[in-house]
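Below is one structure, written out as structure tokens; the observations come after it.
There are 2 protein chains.
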Amino acid sequence: MALLDLLGRRMSLRVMWELAHAGQPLTFRELQAVAETNPSLLNTRLKELRAAAIVVHHTGGYGLSEEGKSLVRLIMPLNEWAAAWGANLKAKDDTPADS
Amino acid sequence: MALLDLLGRRMSLRVMWELAHAGQPLTFRELQAVAETNPSLLNTRLKELRAAAIVVHHTGGYGLSEEGKSLVRLIMPLNEWAAAWGANLKAKDDTPADS
DNA sequence: CAGTATCCTGGACGATACTG
DNA sequence: CAGTATCGTCCAGGATACTG
């Protein structure tokens with residue numbers, strides 16, 4: 001699944017997340033600031049995300065495409081699962097006395 | 101999201117996929133064969149997946165834990181989305197006459 | 001058969017200077 | 001401000017030999 005390959009890369013999810021929460025197009029520099037990264041990586045990722053039609057470049061800034069939004073929606077449950085999973089793991093860790 | 105970090109690594113999904121489809125525990129060598137990888141990587145990933153309680157080591161082989169199964173179930177939609185997404189991308193590629 | 005140790009290589013990423 | 005070019009670093013992953 002090449003999708004997870006893309007999503008697994010640095011700043012992929014971060015960028016999507018920031019764009020989803022901004023609610024409005026963000027400029028390159030704004031995105032760079034909120035995502036706390038360097039132009040080089042941001043640009044690389046942005047190219048990939050645009051090639052994947054997940055991110056689009058409106059007049060005035062970057063935003064999520066409809067596909068991008070649907071993808072974000074799809075990832076949410078995974079997010080929750082991950083939270084529960086993390087809590088669970090930790091709980092088990094904190095309970096060495098279990099036998 | 102550290103989960104995607106793990107899932108993004110080579111052989112994470114592949115291993116989960118193979119285990120899900122095997123329907124029965126697989127030995128280290130069997131897993132290595134079906135996943136087409138080397139013992140080094142397989143072992144590394146297996147350790148991580150076991151630490152994450154996604155994969156368990158039954159007597160006689162490796163299998164998915166209940167958490168692992170639920171995760172696989174959660175990933176399916178993403179899988180479908182990716183398929184549609186890929187097809188769509190390709191279609192647009194094949195349709196340069198669009199204006 | 002199961003898993004580990006070792007060594008090597010490619011590519012992702014980071015910092016930053018620079019052009020349009 | 002937007003994006004590109006360059007260069008160095010670091011680590012995931014590949015091949016394989018080896019031990020229990």
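Listed in order, the protein sequences are those of chains U and X. Those letters in the first sequence? Residues 1 to 99, by the working numbering. Those letters in the second sequence? Residues 101 to 199, by the working numbering. Heads up, the beta-carbon is just placed ideally off N, CA and C, and yes, glycines get one too. Just so it is clear, the structure is predicted and the values come from calculations on it, not from any experiment.
1. Who are the Cβ neighbours of X/R145 in its own chain at under 7 Å, not counting the five residues just before and after it?
2. What span of residues does the alpha helix (DSSP H) with U/G8 cover, start to end?
3. Which runs of the alpha helix (DSSP H) spanning at least 4 residues fall entirely within the segment 11-76 of chain U, listed in chain order?
4. Taking C-alpha atoms, which residue in U/H57, U/S70, U/D94 lies nearest to U/P25?
5. Determine, using beta-carbon pairs with one atom in the segment 71-83 of chain U and one in the segment 170-178 of chain X, whether at least three such pairs fall under 8 Å.
6. For the segment 140-167 of chain X, which residues have a CB atom closer than 9 Å to at least one CB atom of chain U, in sequence order?
7. Between X/E118 and U/T59, what straight-line distance do the alpha-carbon atoms span, to the nearest angstrom?
8. Measure how close the beta-carbons of U/L64 and X/L104 come, nearest whole angstrom, since I'm counting them as under 8 Å.
Working from what's here:
1. R109, M111, S112, V115
2. It spans 2-8 - the alpha helix (DSSP H) in which U/G8 sits, taken as one unbroken run.
3. 12-22, 28-34, 39-51
4. With distances taken between CA atoms, U/P25 lies nearest to U/H57 out of U/H57, U/S70, U/D94.
5. yes
6. A151, A152, A153, I154, E167
7. 45 Å
8. Not confirmed; about 17 Å, so no contact.
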